[in-house]
Amino acid sequence: MNPSTLLGMFTGLAIVVAAIGLSTEDPTSFLNLPGLLLVVGGTVAATLVSYPLHELLRVFRVFGIVLKNERLYAERDINELVEVAKLKFQGQISRADEKLNRIKNPFLRSGMQMVLDGASSEDLITLMQWRISRMRARERAEAQIFRTMATFAPAFGMLGTLLGLINMLSAMDADQFGAIGTNMALALITTLYGILLSNMFFKPIALKLERRTEQRVMLMNMMVEGVLLMQEERSPAFIRETLSSFLAQSEDELRDGDRRGERGARHPSPRRRPRQASE
4 MNPSTLLGMF TGLAIVVAAI GLSTEDPTSF LNLPGLLLVV GGTVAATLVS
54 YPLHELLRVF RVFGIVLKNE RLYAERDINE LVEVAKLKFQ GQISRADEKL
104 NRIKNPFLRS GMQMVLDGAS SEDLITLMQW RISRMRARER AEAQIFRTMA
154 TFAPAFGMLG TLLGLINMLS AMDADQFGAI GTNMALALIT TLYGILLSNM
204 FFKPIALKLE RRTEQRVMLM NMMVEGVLLM QEERSPAFIR ETLSSFLAQS
254 EDELRDGDRR GERGARHPSP RRRPRQASE
């Protein structure tokens, strides 16, 4: 499990519950099933209207990814790439093919297979960058679903507020003063639910997915660089050193926040001119 995700969710909920407990004598007054149903149900319904069903069903799988402490195995990929490059550098193509079949990363495996099959650099870059672009577009669409839900939730909270106010005014006209408090609670609690769902769950999940995509793109660009070095018959030691430096520099850039559309395949390795790639 991903400790930061679970810790953030539970800490946020605990703070809200503590604030409610310290600010009221009856915490159960903040539990309003019709208001929660309106916000959650309305958000889900509007999202269903906005996206095809098969895309929306991926939300459950993506949410599971957010909860997992997913590893990217960068060091393993570098080691496997260097091992195959070493065999190719020594002219042991048959052993390189055997080793290639045991590589777990399908993106890396397909790139090195093209090298062993004699593909040109242009074909390598075109195919691998196309796969990177497809992956980025797919995962950005998944994150956008949560951003859409974060937009809808406060809107349906405001809808609940309007319904509560309308019912409250109707009760005043009918002299049903006992219903005024109930309708006022519905009017206010739905806005609370909408803001809470939007800012504690939907937006943070979208941000985490976008961060994960940037990390995956960075590692895939590193693999493209390594595969091209392998095609150029560079020494395994040079490939390892270049990719290790590439990885360290890219992680520093990602940590500093220098990203959002600037990265593509433009990360310069320390001793090579950066490769251009289409997005």
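Residues 4 to 282 in the numbering used here are what the sequence shown spells out, letter by letter. Heads up, the beta-carbon is just placed ideally off N, CA and C, and yes, glycines get one too.
C-alpha distance - residue i paired with residue j, whole-angstrom precision
{"i": "residue 100", "j": "residue 253", "result": "30 Å"}
{"i": "residue 190", "j": "residue 165", "result": "6 Å"}
{"i": "residue 25", "j": "residue 157", "result": "25 Å"}
{"i": "residue 29", "j": "residue 153", "result": "29 Å"}
{"i": "residue 144", "j": "residue 131", "result": "20 Å"}
{"i": "residue 12", "j": "residue 92", "result": "50 Å"}
{"i": "residue 222", "j": "residue 204", "result": "27 Å"}
{"i": "residue 20", "j": "residue 34", "result": "11 Å"}
{"i": "residue 173", "j": "residue 186", "result": "10 Å"}
{"i": "residue 31", "j": "residue 163", "result": "19 Å"}
{"i": "residue 95", "j": "residue 115", "result": "14 Å"}
{"i": "residue 108", "j": "residue 77", "result": "10 Å"}
{"i": "residue 60", "j": "residue 251", "result": "36 Å"}
{"i": "residue 192", "j": "residue 243", "result": "57 Å"}
{"i": "residue 58", "j": "residue 137", "result": "15 Å"}
Exposure label - residue i; buried when at least 16 CB within 10 Å
{"i": "residue 274", "result": "The pLDDT assigned to residue 274 is 39, lower than 50, so where the model puts this residue is not dependable; a value taken from the coordinates is nonetheless given after this. Classification of residue 274: exposed, given that the 10 Å Cβ count is below 16."}
{"i": "residue 169", "result": "exposed"}
{"i": "residue 239", "result": "buried"}
{"i": "residue 71", "result": "exposed"}
{"i": "residue 261", "result": "Confidence is the limiting factor: at residue 261 the pLDDT is only 44, short of 50, which leaves the residue's position unreliable, though a coordinate-based value still follows. With fewer than 16 Cβ atoms within 10 Å of its Cβ, residue 261 is classed as exposed."}
{"i": "residue 82", "result": "exposed"}
{"i": "residue 52", "result": "exposed"}
{"i": "residue 18", "result": "exposed"}
{"i": "residue 88", "result": "buried"}
{"i": "residue 167", "result": "buried"}
{"i": "residue 10", "result": "exposed"}
Distance between beta carbons of residue j and residue i, contact taken as under 8 Å
{"i": "residue 200", "j": "residue 42", "result": "7 Å"}
{"i": "residue 8", "j": "residue 62", "result": "Incorrect: roughly 15 Å between the Cβ atoms, too far for contact."}
{"i": "residue 225", "j": "residue 249", "result": "5 Å"}
{"i": "residue 15", "j": "residue 159", "result": "Actually they do not touch by this definition, with Cβ atoms about 20 Å apart."}
{"i": "residue 110", "j": "residue 134", "result": "6 Å"}
{"i": "residue 228", "j": "residue 246", "result": "7 Å"}
{"i": "residue 196", "j": "residue 39", "result": "6 Å"}
Pair within 8 Å by beta-carbon distance, residue i and residue j
{"i": "residue 127", "j": "residue 230", "result": "yes"}
{"i": "residue 151", "j": "residue 50", "result": "yes"}
{"i": "residue 119", "j": "residue 103", "result": "yes"}
{"i": "residue 149", "j": "residue 209", "result": "yes"}
{"i": "residue 212", "j": "residue 122", "result": "no"}
{"i": "residue 220", "j": "residue 139", "result": "yes"}
{"i": "residue 106", "j": "residue 98", "result": "no"}
{"i": "residue 142", "j": "residue 27", "result": "no"}
Residue i, enclosing alpha helix (DSSP H) - first and last residue
{"i": "residue 80", "result": "77 to 92"}
{"i": "residue 215", "result": "206 to 234"}
{"i": "residue 100", "result": "96 to 103"}
{"i": "residue 18", "result": "6 to 26"}
{"i": "residue 114", "result": "109 to 119"}
{"i": "residue 68", "result": "56 to 70"}
Below-8 Å beta-carbon distance, residue i vs any chain C residue
{"i": "residue 55", "result": "Here there is only one protein chain, and chain C is not present."}
Contact test: residue i Cβ vs the ligand GDP heavy atom, cutoff 7 Å
{"i": "residue 152", "result": "Summarising the ligand content, the structure contains no ligands, and the ligand GDP is consequently not present."}
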